[in-house]
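Okay, structure first, notes after.
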Amino acid sequence: MKSSLVILSAAFGLAAAVPRHNHHAHHQHHQEMKRDDATATENVDVFVAGPTVVMYSLNGNIISENDVLEGIKNGTLVWANGAPSLADPSSSVIASTSSAVAAASTTFLTSTSSSYSSSSSSTSFSTSTSVSSSKQSATSSAASTSATGLDTTFPDGEIDCSDFPSDYGAVSLNYLGLGGWTGIQSPGSGSSLLGLTNIETVTKSNCGGTNCCSEGMYCSYACPAGYQKAHWPTTQGLTGQSVGGLLCKNGKLHKTNPNYKTLCITGSSEVTVLVRNEMSTSAAVCRTDYPGTESETVPVTANPGSVANLTCPDATYYEWTGKTTSAQYYVNPAGVSAEDGCQWGSSANPWGNYAPLNLGVGYSNGAAWLAIFQNAPTTNEKLDFTITIEGDNMNGYCRYQNGQYCSGKNYDSCSSSSGCTVSVSSGTAYFVFSN
């Protein structure tokens, strides 16, 4: 069964509310991805549609749709990024993505009455931001993977599918065993302009690490920190699955988004979102590959004393069935490498899709919405360091520490299960990692 969660806030103040979720879905209706032993022997992940249940949360508590509609009507409740489409309870709604329920891209809501006080593409890119704070001066390091050709027009239909397009901004991740790609999806029979069906996810055991991007497949890729993938097909999964990447057609790589000439684009120019690592060890943060397989395979490494850019997508970046989406990042325990933490794992280790904690990042309706929340119900594991959101023009307070998600001016309103959310209208925001 799939769940969809819509987040509400009381009109008199910002609520510390975040989505309830499994792991890496980004929109309002979700589908489970089956990954059992039987599927693994076939080297594919099969998406199976199921009924959708829509839930509404206020301050971490589930409330009824009637209460939602009444609260919206009388002004005591508000949406954060516009009124979402509410499912007709008499209709049958089928939607899907890979595994999991809810993420940071689920609709955030905020106050209507309380008041609180760009990067451009270049031929060669690496993080070079230097910041200072009252606590310390954090200088940049190799916090993100460098890339070349970010502003170079991709030659549509000229590069062989066997060649990874690293000369055009894409970052090759060879440790995933997919020839540098972050994920590869193969639509099956029955696909048409109405939607792609029988979508299978290629695994490294299936392709052996070479020539994984084959005829008819969508091949997804990572971009360096501060950038995000620009290509996915207009035609998505027939029952709601997201699909992303370049298309291998007639042996050549083809763009799938006519709106962009390059492979990578920047996020919102209104707010810069950074990780500032004040610890003595590195931390791997992994964005889900969305639209695409939605595995947590896009890496950002924040080295000690450095900052790393977390791309903040605008609400117009990718729309799922007409609904806006945002980015979700998995935060691994201190010292876990991106090679280990930014790929599908198992319950034997608290990293990858079993990482303890998620960050939600997205820009909508004049503000960046930033959230910290537990990777539930996947795991109850506690992250071994503190994360605090700081920034310019910030509305609200949010900190994770010792298994507690705390809001309030003195971080005195805490919960072990409900995360916290803030909004930042402009400037720079930081997820500060500290011991």
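Residues -17 to -1, 1 to 418 in mature numbering (1 follows the signal peptide of the UniProt record, and there is no 0) are what the sequence shown lists, from first letter to last.
Glycine included, C-beta positions come from ideal geometry on N, C-alpha and C.
DSSP three-state assignment for residue i, whether helix, strand or coil
i: E373; result: strand
i: S399; result: coil
i: C190; result: helix
i: T411; result: strand
i: N336; result: helix
i: Y243; result: coil
i: A266; result: strand
i: S417; result: strand
i: N393; result: coil
i: T404; result: strand
i: N292; result: strand
i: S115; result: With a pLDDT of 34 at S115, under the threshold of 50, the modelled position of that residue is not reliable, and no figure is offered here.
i: N26; result: Confidence at N26 is low in this model, with a pLDDT of 36, below 50, so the placement of that residue is unreliable and no value is reported for it.
i: F91; result: Residue placement at F91 is flagged as unreliable, the pLDDT there being 35, under the threshold of 50; the coordinate-derived value follows with that caveat. Coil at F91, not helix or strand.
i: Y151; result: helix
i: L133; result: coil
i: G379; result: coil
i: N181; result: coil
i: A321; result: helix
i: Y210; result: strand
i: N358; result: coil
i: N315; result: coil
i: N341; result: strand
i: Y273; result: coil
i: N385; result: coil
i: Y346; result: strand
i: N286; result: coil
i: L156; result: strand
i: I248; result: strand
i: T255; result: strand
i: G305; result: coil
i: Q219; result: coil
i: E142; result: Here residue 142 turns out to be Ile, not Glu, going by the sequence shown. DSSP places I142 in coil when its eight states are reduced to three.
i: G162; result: coil
i: S175; result: strand
i: A310; result: strand
i: A351; result: strand
i: Q224; result: coil
Whether residue i touches residue j by CB criterion (8 Å)
i: S203; j: D272; result: yes
i: S309; j: E277; result: no
i: V415; j: E373; result: yes
i: T280; j: L159; result: yes
i: G228; j: C144; result: no
i: N376; j: G410; result: yes
i: S197; j: A351; result: no
i: G343; j: Q311; result: yes
i: A338; j: Y313; result: yes
i: S291; j: A208; result: For clarity, residue 291 is Ala in the given sequence; the question names Ser instead. Cβ distance < 8 Å, so A291 and A208 count as in contact.
i: residue 458; j: S169; result: Any question about residue 458 goes unanswered here, given that the chain covers just -17 to 418.
i: A285; j: V256; result: no
i: H237; j: D139; result: yes
i: T371; j: N418; result: no
i: T131; j: D150; result: yes
i: G152; j: L179; result: no
Neighbour-count burial assignment, residue i, 16 or more Cβ in a 10 Å radius
i: T299; result: exposed
i: K392; result: exposed
i: E261; result: buried
i: A331; result: exposed
i: P360; result: exposed
i: N157; result: exposed
i: E141; result: exposed
i: L177; result: exposed
i: G171; result: exposed
i: D297; result: buried
i: G305; result: exposed
i: S401; result: buried
i: A21; result: Since pLDDT at A21 reaches only 31, below the 50 mark, its modelled position is unreliable, and the value read off the structure follows with that caveat. Classification of A21: exposed, given that the 10 Å Cβ count is below 16.
i: P274; result: buried
i: N194; result: exposed
i: G173; result: exposed
i: S347; result: buried
i: E302; result: exposed
i: T186; result: buried
Per DSSP, cross-strand counterpart(s) of residue i
i: L230; result: Y201 and H237
i: K365; result: None; K365 has no bridge partner.
i: D297; result: Y346
i: Q168; result: T184 and Y201
Proximity test, Cβ basis, 8 Å: residue i and chain C
i: L246; result: The chain labelled as chain C is not found in the depicted structure, where only one protein chain is given.
The segment 236 to 255 contacting the segment 207 to 219, beta-carbon criterion three pairs below 8 Å: yes
The segment 371 to 385 in contact with the segment 316 to 330 per 3-pair CB rule at 8 Å: no
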